[in-house]
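Written below as structure tokens is the structure these notes are about.
Residue numbers (this note's numbering), protein chains in the order written: chain A, 938 to 1057; chain B, 5 to 409.
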């Protein structure tokens, strides 16, 4: 089954870190992605630019509306995601607990919804 | 490779149990099992399957884990067991005898009294039977997110309280034996009437439960353990006849009794009688005697229902659960006719067993025999609404379709 690990973190969570410490977090994050890859759990992962870089899009009655992001005005921001393949929810939680960012923010683990097969 | 899939099904639980002992850490062991099977799927197609696949997997998993801890690839609290493990480069290979007991160790650990009953069962079904979190949740009609956390917390507790991974000394058995026996019973049940999925019978789980019940009796013989082993053997004796060629359910009364395993029946019956002679007599022993009574009948019509009802009368004293009351009512229906059984089952199906599929199925069957087809149809539908297992659904749908207006 597939699960998405959404990485939520407070804006400015890295502010107190030295450049070296910051680089170390990045290094560990990339190393963990590679580990997931070797173990056959990895589907896709990416980090996101800050919420203030976002543009929100809506279509209403055929018209496109755009506004500045982020979508949710909260202290917690979506900082990235890792899509994984795991045998069950507990394995997904174990893999999520290994994500280095879990030490700085919160990982939300959600099963990927399977659309019902229209031919079944 | 189909063989590897088969080995995964039969060996995963035991490989995991051994690795938990060797690594002293549930999570690391689960990672290691995954990696060991991954390595097997890459190597075995080239090299062939090793003679002792289980030992190969345990050893591969162990090396992968040590390698991983050394690399410190991920954040992890290093326990003393782990540091010992990585310090001694070439420490001894797992002993075969140790491996034989590992699943039992795992069950005793999962049944530690510090863990709640729900957590014990959820852990056992996942770690020992290899069910996924989602399957466990569906068996209990619970949410996967809730079951997943129950399992995470239980593991955390095992770690925080340093619950040892061992079969405890006999002085500590009384506090845990009931849970352990119950767990073996559940493992067998999950194999005998899988709550989930395509196949009605998962033979490997039944075999494993019997193996462990035997092992338990060797280590520490008790009348209840003997009764349980007897019960499992007697159920197993009918395994070959419980499903038809297409996996459909064949009821006890329609099974081909010539195919029942006489050796298992003889062994199970002898054990049940021996356990019965050592009071106080427990529920497993009485259930085993009921199964032995069925096994002794040359055909369904020769079944000694008087004796079976008397045994149920005893059983409701040993175990006052509504499920036992339901089974007793079915036996009474066989002895005294459907009307008598129905009078006992209806309040159960409308009360404490409202969400239990078999109470509606049993009620439907009695109504059908009384020719009360409209009510029978309703009851079959109630049962169907509660049934997820494929073969059970097919059975109920067939019965429903057979009912004429």
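Ideal placement from N, C-alpha and C gives every residue a C-beta, glycine not left out.
Bear in mind that the values here come from a model prediction, so they are computed numbers and not experimental data.
Chain-ordered neighbours of residue i on chain A, where CB pairs are closer than 9 Å
{"i": "residue 138 of chain B", "result": "938, 1025, 1026 and 1048"}
{"i": "residue 38 of chain B", "result": "976, 977, 978, 1024 and 1028"}
{"i": "residue 34 of chain B", "result": "1027, 1028 and 1031"}
Under 7 Å by beta carbon: chain B residues contacting residue i
{"i": "residue 964 of chain A", "result": "In chain order: nothing, as chain B lies at least about 12 Å away."}
{"i": "residue 988 of chain A", "result": "What residue 988 of chain A touches in chain B: nothing, since even the nearest Cβ is about 26 Å away."}
{"i": "residue 977 of chain A", "result": "42"}
Residue i - DSSP class collapsed to helix/strand/coil
{"i": "residue 1036 of chain A", "result": "coil"}
{"i": "residue 953 of chain A", "result": "coil"}
{"i": "residue 350 of chain B", "result": "helix"}
{"i": "residue 374 of chain B", "result": "coil"}
{"i": "residue 1025 of chain A", "result": "coil"}
{"i": "residue 995 of chain A", "result": "strand"}
{"i": "residue 317 of chain B", "result": "helix"}
{"i": "residue 16 of chain B", "result": "helix"}
{"i": "residue 281 of chain B", "result": "coil"}
{"i": "residue 1017 of chain A", "result": "strand"}
{"i": "residue 150 of chain B", "result": "helix"}
{"i": "residue 292 of chain B", "result": "helix"}
{"i": "residue 247 of chain B", "result": "strand"}
{"i": "residue 269 of chain B", "result": "helix"}
{"i": "residue 167 of chain B", "result": "coil"}
{"i": "residue 122 of chain B", "result": "helix"}
Chain-ordered chain B contacts of residue i [CB-CB under 9 Å]
{"i": "residue 1058 of chain A", "result": "This structure cannot speak to residue 1058 of chain A, because chain A is shown only from 938 to 1057."}
Span of the beta strand (DSSP E), counted from its first residue to its last, around residue i
{"i": "residue 1043 of chain A", "result": "1043 to 1048"}
{"i": "residue 942 of chain A", "result": "939 to 947"}
{"i": "residue 1000 of chain A", "result": "1000 to 1005"}
Residue i - containing alpha helix (DSSP H), residue span
{"i": "residue 396 of chain B", "result": "394 to 406"}
{"i": "residue 980 of chain A", "result": "Looking at the DSSP string, residue 980 of chain A is not in any alpha helix (DSSP H); the run it does join, the beta strand (DSSP E), is 979 to 984."}
{"i": "residue 74 of chain B", "result": "57 to 75"}
{"i": "residue 176 of chain B", "result": "No alpha helix (DSSP H) holds residue 176 of chain B; DSSP gives it neither H nor E."}
{"i": "residue 38 of chain B", "result": "30 to 51"}
{"i": "residue 231 of chain B", "result": "227 to 240"}
{"i": "residue 359 of chain B", "result": "No alpha helix (DSSP H) holds residue 359 of chain B; DSSP gives it neither H nor E."}
{"i": "residue 207 of chain B", "result": "207 to 223"}
{"i": "residue 262 of chain B", "result": "Neither: residue 262 of chain B is in no alpha helix (DSSP H) and is coded neither H nor E."}
{"i": "residue 327 of chain B", "result": "326 to 340"}
beta-carbon residue i near the ligand ADP non-hydrogen atom, thresh 7 Å
{"i": "residue 74 of chain B", "result": "Among the components modelled here there is no ligand, and therefore nothing to report on the ligand ADP."}
Cross-chain neighbours of residue i in chain A, by beta carbon under 7 Å
{"i": "residue 130 of chain B", "result": "1027"}
{"i": "residue 31 of chain B", "result": "1031"}
Contact set between residue i and chain A, taken where Cβ atoms lie within less than 8 Å
{"i": "residue 2 of chain B", "result": "Nothing about residue 2 of chain B can be read from this structure; chain B reaches only from 5 to 409."}
{"i": "residue 173 of chain B", "result": "Residues of chain A passing the Cβ test: none, with the nearest at roughly 31 Å."}
{"i": "residue 54 of chain B", "result": "Within 8 Å Cβ-Cβ: nothing; residue 54 of chain B doesn't reach chain A, min ~21 Å."}
8 Å Cβ cutoff, residue i in contact with chain D
{"i": "residue 49 of chain B", "result": "Among the chains of the structure shown, chain D does not appear; the protein chains present are A and B."}
> Just checking, does the segment 1019 to 1026 of chain A make contact with the segment 120 to 140 of chain B on the three C-beta pairs under 8 Å criterion?
Replying inline: Touching, per the Cβ criterion.
> Using 8 Å as the Cβ pair cut-off and three pairs as the minimum, do the segment 206 to 218 of chain B and the segment 104 to 117 of chain B touch?
Replying inline: A contact exists between the segment 206 to 218 of chain B and the segment 104 to 117 of chain B.
> When you check each C-beta in the segment 245 to 260 of chain B against every C-beta of chain A, which residues fall closer than 9 Å?
Replying inline: Look at the segment 245 to 260 of chain B: it has no residue with a C-beta under 9 Å from a C-beta of chain A.
>> Can you confirm whether the segment 258 to 270 of chain B touches the segment 221 to 229 of chain B when touching is taken to mean that 3 or more C-beta pairs between the two stretches lie within less than 8 Å?
In response: Contact annotation: the segment 221 to 229 of chain B does not touch the segment 258 to 270 of chain B, with fewer than three C-beta pairs closer than 8 Å.
>> Three Cβ pairs or more, each shorter than 8 Å: is that satisfied between the segment 371 to 380 of chain B and the segment 340 to 353 of chain B?
In response: Contact holds: three or more Cβ-Cβ distances are below 8 Å.
> How do the segment 358 to 374 of chain B and the segment 325 to 343 of chain B stand: do at least 3 beta-carbon pairs fall below 8 Å, yes or no?
Replying inline: The segment 358 to 374 of chain B is in contact with the segment 325 to 343 of chain B.
> Within the chosen definition, does the segment 965 to 980 of chain A reach the segment 1031 to 1038 of chain A through at least 3 CB pairs nearer than 8 Å?
Replying inline: Look at the beta carbons and you see the segment 965 to 980 of chain A touching the segment 1031 to 1038 of chain A: at least three pairs across the two are nearer than 8 Å.
> Quick one, which residues of the segment 368 to 381 of chain B are near chain A if we go by CB-CB under 8 Å, in chain order?
Replying inline: Cβ proximity to chain A below 8 Å picks out nothing from the segment 368 to 381 of chain B.
> Using 8 Å as the Cβ pair cut-off and three pairs as the minimum, do the segment 121 to 131 of chain B and the segment 165 to 172 of chain B touch?
Replying inline: No contact exists between the segment 121 to 131 of chain B and the segment 165 to 172 of chain B.
> Closer than 8 Å, Cβ to any Cβ of chain A: which residues of the segment 281 to 295 of chain B, in chain order?
Replying inline: For the segment 281 to 295 of chain B, which is checked against every Cβ of chain A, not one residue is closer than 8 Å.
>> Would you call the segment 6 to 16 of chain B in contact with the segment 39 to 57 of chain B, where contact means no fewer than 3 C-beta pairs closer than 8 Å?
In response: Taking one beta carbon from each stretch, the segment 6 to 16 of chain B and the segment 39 to 57 of chain B have 3 or more pairs nearer than 8 Å; the two touch.
> Is the segment 290 to 300 of chain B touching the segment 244 to 252 of chain B, taking contact as three or more C-beta pairs under 8 Å?
Replying inline: With a cut-off of 8 Å, the segment 244 to 252 of chain B and the segment 290 to 300 of chain B do not count as touching, because too few Cβ pairs lie within range.
> Are there three or more Cβ pairs, one per stretch, closer than 8 Å when the segment 15 to 25 of chain B is compared with the segment 58 to 71 of chain B?
Replying inline: Because the criterion of three Cβ pairs below 8 Å is met, the segment 15 to 25 of chain B and the segment 58 to 71 of chain B touch.
> For the 8 Å Cβ check, are there 3 or more pairs between the segment 62 to 76 of chain B and the segment 143 to 153 of chain B?
Replying inline: No: fewer than three Cβ pairs fall under 8 Å.
> Is the segment 349 to 368 of chain B in contact with the segment 322 to 330 of chain B, if contact means three or more CB pairs nearer than 8 Å?
Replying inline: Result yes; three or more Cβ-Cβ pairs closer than 8 Å.
> Do the segment 175 to 195 of chain B and the segment 229 to 239 of chain B meet, that is, are 3 or more Cβ pairs less than 8 Å apart?
Replying inline: The answer is yes - the segment 229 to 239 of chain B touches the segment 175 to 195 of chain B, with three or more Cβ pairs under 8 Å.
>> Counting only Cβ-Cβ distances shorter than 9 Å, please list the residues of the segment 342 to 361 of chain B near chain A, keeping chain order.
In response: Of all residues in the segment 342 to 361 of chain B, none comes within less than 9 Å of chain A when Cβ atoms are compared.
> Three or more beta-carbon pairs under 8 Å between the segment 1034 to 1044 of chain A and the segment 954 to 969 of chain A, yes or no?
Replying inline: By the criterion of at least three beta-carbon pairs nearer than 8 Å, the segment 1034 to 1044 of chain A is in contact with the segment 954 to 969 of chain A.
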